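Have a look at the structure below before the remarks.
2 protein chains.
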Amino acid sequence: MTSHHELLTKAIEALHARTFYAAYPEHPAPAIYGETADADGQAKFKATLGNRFTELKQAGEAGWAGQEESPYLQQPLQVSYPVFKVETLIANATSAFATWRKVSKEDRASILIESLERIKKRFFEIAYATMHTTGQGYMMAFQASGPHAADRALEAVAAGYEELSRVPGAALWDKPMGKFNVQLNKEWRAVPKGISVVIGCSTFPTWNSVTGIYGSLITGNTVIVKPHPGAILPIAIFVAEIQNVLAERKLDTCICQLAVDTFDKMITKELAEHAAVKLIDFTGNSMFGSYLEALPDKIVFTEKTGVNSVILDSVEDIDKVAANLAFSVNLYSGQMCTAPQNFFIPEAGIKTPTGTITFDAFAEKFVANINSLVDNPKAGPFVLGAVQNKKTCERVEEAAKLPGKVWLKSRTFENPQFKGARVATPVVVEVDASKKEIFSKELFGPIALLIKTQSTDQSIALAQELANAHGAISCGAYTTDAVVREKIADAMALAATPVSFNLTGGIYMNQNAAFSDFHVTGGNPSGNASFTNPEYVSRRFTWVGHREPVKA
Amino acid sequence: MTSHHELLTKAIEALHARTFYAAYPEHPAPAIYGETADADGQAKFKATLGNRFTELKQAGEAGWAGQEESPYLQQPLQVSYPVFKVETLIANATSAFATWRKVSKEDRASILIESLERIKKRFFEIAYATMHTTGQGYMMAFQASGPHAADRALEAVAAGYEELSRVPGAALWDKPMGKFNVQLNKEWRAVPKGISVVIGCSTFPTWNSVTGIYGSLITGNTVIVKPHPGAILPIAIFVAEIQNVLAERKLDTCICQLAVDTFDKMITKELAEHAAVKLIDFTGNSMFGSYLEALPDKIVFTEKTGVNSVILDSVEDIDKVAANLAFSVNLYSGQMCTAPQNFFIPEAGIKTPTGTITFDAFAEKFVANINSLVDNPKAGPFVLGAVQNKKTCERVEEAAKLPGKVWLKSRTFENPQFKGARVATPVVVEVDASKKEIFSKELFGPIALLIKTQSTDQSIALAQELANAHGAISCGAYTTDAVVREKIADAMALAATPVSFNLTGGIYMNQNAAFSDFHVTGGNPSGNASFTNPEYVSRRFTWVGHREPVKA
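Read top to bottom, the protein sequences are chains A and B. Counted from 1, the first sequence has number 174 at position 174 by the numbering used here; the numbering is strictly sequential. To convert, count from 1 in the second sequence and add 1000; that's the numbering used here.
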């Protein structure tokens, strides 16, 4: 087994090199995780249903509640969690802060990495919990909520540990003054900000929250995890395991608390506005994110929403491109913040080595590839998963009424495992580049707009303008022309949007890797923070330097 | 001569080690700066008076204006500067951005360090310009506006250069997928935010502005320097020299512009609120700073005001302590953001090896030391300097009416060089610890409050509470007890306030050194940023990562 220290060291190295590194294997293979791991995890998940979640080590609850529903069953999970008053959570966090801030960074890192090692043993259980709260397919639910989330958490620990190590604990400051020297003993303390609130989202309940949780914890803050009321169980397991390790180390388990609420009585604003809360992490809609960013005297890290573009100029192999993009659109039914929405295609068509593909010919290929994936019973249901929120289905229906040719209507399909699943396949609509009001907002869900532009230059200009004005988290681009490539790279860089160029095969623009990709750049309206650049962790504490003359 | 590269390397090393380092000698010695440097600088300054400042390489001015006044002469300097419309400044900065952002970090560093080498030749001229705008004494004006400011600027260049170098330009991401590998070529670009506005203050026109100016420039932003209308000339010389080097390198001189305004027509808000302005640096009052911090979609770095405390518990040598603190209060007539204001003294007195010094006995010693410095014609006028703003004199007068014993009244003194100088010596007032409303705000200027507390514990609690609620930039503490020392160090660290312990002799709590001290921590209401921690520069640009599959 790799030691905690070795994991930390490798993670820090990977952060610098930004080459591939994964501490937690992403494949749910029996050879890796054990022959019975999957079945055991599923059984454990099923045993939780209809019951109280009693794993938390937090006392003083005001009651029990939980309103999660499975998008696959369209039935409540009937799991209930202890519910706490905000004042109780704050009092617990304040009291725990006094001890946690004094724990060394080495011990904090060891505790946090140990919690990830425990969570690793529950990846399958977390996967089923994720499926039945978010609607993700099995493979994504396993990877995103399990190993990828754990990698992201480890990355935050590594980034935080490194920033805490940046300044020496003490130094002799020896200033020559001519006839004598002024000598000061200086010491620097990394002082945590205080209480951190991490607000989760309904689609990626662990992946999007762990960076904030582990980033705040490694830097000495106490954390209150406020999950989306629709997706609690996956992150509840993380919090429970963190608390288990804290308890074993004889530390206050309220160093990390779970703060469950219900749709009818949300506590997010009360928590966020509390004077004792100094740090806020948020993933979710832009309106609430912007409200949080404007709260005075808080450090706020947001991932909000964006409008992601694909620029199609010229390609090597149009079939591979259409297949790759069709997969991106189908993947988790377009419910990823990195999913493409606007496909900019020149009216003159897309250049290929064997001639130009017209706009219509590409549309047909794109639609055919979407259908072929949806209709493949061995792939479609697992790639698309289910739709987390009813409103997404309504949005998909509305999209078919947009003024433009509907190339593909959304429909349902049968999930062999879950007959009652809430599903919706992508709707594909053609929109003219002049109708900016239609495509200049996020249409969350399986909605793809094919936008006919005058030229690739217009495509680039529109993609850049949208990213600058409305945010973008990802961008796809296809070009075989080095000059056009640099034009896109430069224009989208100015709009703080990472570009995936010429992706074909088994890698998609939706995917962001730990230790290598900065997820959300923080440079456009889609969010003000990036996983996991130095400021993502360094703003969670303050350097304070004391000094004193050296005794003669 | 030290090469640019060597200076940069040494500065980066010093940033890590945080030991003493100075690139620019702080002593105005002829042996260092040349026999005629002082006289030449003074002559150059005098030649500027009554004239247009024509050194700037900025075209399209709307007129000429300037309202600086010498606190030493209480006369206008009659220097006028080109005045530009905000739209002109923004258009120039936007146009210059296109070229500056493409200049390599190596070239940017070289240009910026070369500008400092040019500025070094004008330190004396800048010193006289600083004296006659801020009222600083000659030595402080030379050091703070010259070598110390240049060191701070170099520090910002070094910190920025290092952050720009943190992520590799490119890397191969090679992910094993079982039967094959996914290989992506990744590249990361440090994308500057855009236009940066640096808003200066009237007391430290270069020292407080250069970190923002050089921090924004090294990271590829174009900068608009908006000086305080009362203190333009010192920073105008910096900007002119930056423009000189840019011109020699055939670059757009509007990469760094000076934006002069007048008291009757301030352009600060118009500039700050302009949509094209992405970065704002500000030094000044808390109300305006908080307004800037709340502007949406801007990255704002502030240094506002604080209430600085001195905690007196026990001392080795009370006379040395009283002398040190008296100097701190007299230095630049208390017009430093780091100057002490509230002196917390236990009612039982201050412990010394030879018995307890009563509150009254300390007050007498403190007053005697202030008077002795003021009345020393070879030191007083030079240490106290002049009062920048008439309102400070009014505030000092008001302070004498506070409900409490006035231990020392403010008075004037004769400056042998400048008979007409606006001067005010410190007023010292005793205030009871219960009268928090009196001492819980900044009383800018030579105002010292001696606050009688029940115990050192109450002194610590009050100093911490004030720093948390109203901000603090510095703190002095005197104790010979290791337990009390740690109690103070911990309490003030939690309030994000650096403590200078047991200072005596030639080092004062007012002083902050480049490459070693974090000036303002960013962790309490005195400001949201610190010179020069990584986020101070890393938030001035965005990491954007593009990727593309390796060609088979």
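For every residue, glycine included, the Cβ atom is placed at its ideal position computed from N, Cα and C. All figures in this text were calculated on a predicted structure; none of them were measured in a lab.
Asked, Found
"Chain-order list of residues whose beta-carbon lies under 6 Å from that of A1363(B) (same chain, five-residue window excluded)", "W1407, L1450"
"T1019(B) beta carbon less than 8 Å from that of A496(A)", "no"
"Minimum C-alpha distance to I1232(B) - residue among T1219(B), L1246(B), Q1257(B)", "Q1257(B)"
"Distance CB(A259(A))-CB(I267(A)) smaller than 8 Å", "yes"
"Sub-8 Å separation of T611(A) and A43(A) beta-carbons", "In the structure as shown, chain A starts at 1 and stops at 552, and residue 611(A) therefore has no counterpart that could be examined."
"Spatial distance of V427(A) from S434(A) (CA atoms)", "20 Å"
"Supposed contact pair E125(A) and F45(A) - C-beta distance, whole angstroms, cut 8 Å", "5 Å"
"Within chain B, the residues that E535(A) reaches when beta carbons sit closer than 9 Å", "P1534, E1535, S1538, R1539"
"P1446(B) beta carbon less than 8 Å from that of A946(B)", "Any answer about residue 946(B) is impossible in this case: the structure gives chain B only from 1001 up to 1552."
"Closer than 8 Å to chain B by CB, P340(A)", "no"
"Contact between the stretch 1484 to 1496 of chain B and the stretch 1323 to 1331 of chain B (3+ Cβ pairs under 8 Å)", "no"
"Enclosing beta strand (DSSP E) for C475(A) [first to last residue]", "475 to 478"
"Own chain, CB closer than 8 Å to K390(A), minus 5 neighbours either side, in chain order", "R422"
"Residue from K186(A), I199(A), F238(A), Q78(A) whose Cα sits closest to the Cα of F1501(B)", "K186(A)"
"Residues within the stretch 1484 to 1512 of chain B neighbouring chain A, beta-carbon criterion of under 8 Å", "A1489, M1492, A1493, L1494, A1496, T1497, P1498, V1499, S1500, F1501, N1502, L1503, T1504, G1505, G1506, I1507"
"8 Å Cβ cutoff, H4(A) in contact with chain B", "no"
"Minimum Cβ-Cβ distance from T1019(B) to chain A less than 8 Å", "yes"
"Unbroken stretches of the beta strand (DSSP E), 3 residues or longer, contained in the stretch 102 to 178 of chain A", "170 to 176"
"Reference L217(A), options S538(A), R547(A), L462(A), A467(A), closest by Cα", "S538(A)"
"Contact with chain A by G1545(B), beta-carbon distance below 8 Å", "yes"
"Test: K1175(B) CB closer than 8 Å to a CB of chain A", "yes"
"Cβ-based contacts, 7 Å cut-off: residues of the stretch 1088 to 1110 of chain B near chain A", "none"
"Closest Cα partner of S1577(B) within the set G1063(B), F1515(B), S1526(B)", "Residue 1577(B) falls outside the range modelled here, since chain B spans only 1001 to 1552, and no answer is possible."
"Cβ-heavy atom distance, P1353(B) to the ligand SAH, below 7 Å", "Among the components modelled here there is no ligand, and therefore nothing to report on the ligand SAH."
"Endpoints, the alpha helix (DSSP H) within which D1360(B) is located", "1359 to 1374"
"Residue of R1052(B), G1471(B), A1448(B) minimising C-alpha distance to N1342(B)", "A1448(B)"
"Complete alpha helix (DSSP H) runs within the stretch 213 to 301 of chain A (minimum length 4 residues, chain order)", "233 to 248, 268 to 273, 286 to 293"
"Short-range partners of chain B found in the stretch 138 to 150 of chain A, where Cβ spacing is below 9 Å", "none"
"Residues from the stretch 1296 to 1330 of chain B in contact with chain E, defined by Cβ distance under 8 Å", "No chain E appears in the structure shown, which is made up of the protein chains A and B."
"Amino acids of chain A, ordered along the chain, whose beta-carbon sits closer than 9 Å to that of T1521(B)", "V191, T542, W543, V544, G545"
"Status (buried if at least 16 other CB within 10 Å, exposed otherwise) for H5(A)", "exposed"
"8 Å contact criterion, which K1057(B) and A1247(B) should meet: CB distance rounded", "6 Å"
"DSSP beta-bridge partners of E187(A)", "A170(A), H546(A)"
"I32(A), DSSP secondary structure in three states", "helix"
"Meets three-Cβ-pair contact criterion under 8 Å: the stretch 275 to 294 of chain A and the stretch 199 to 216 of chain A", "yes"
"Close Cβ partners of G1160(B) (< 6 Å) along its chain, the five nearest in sequence each way excluded", "G1215, I1218, T1219, V1537"
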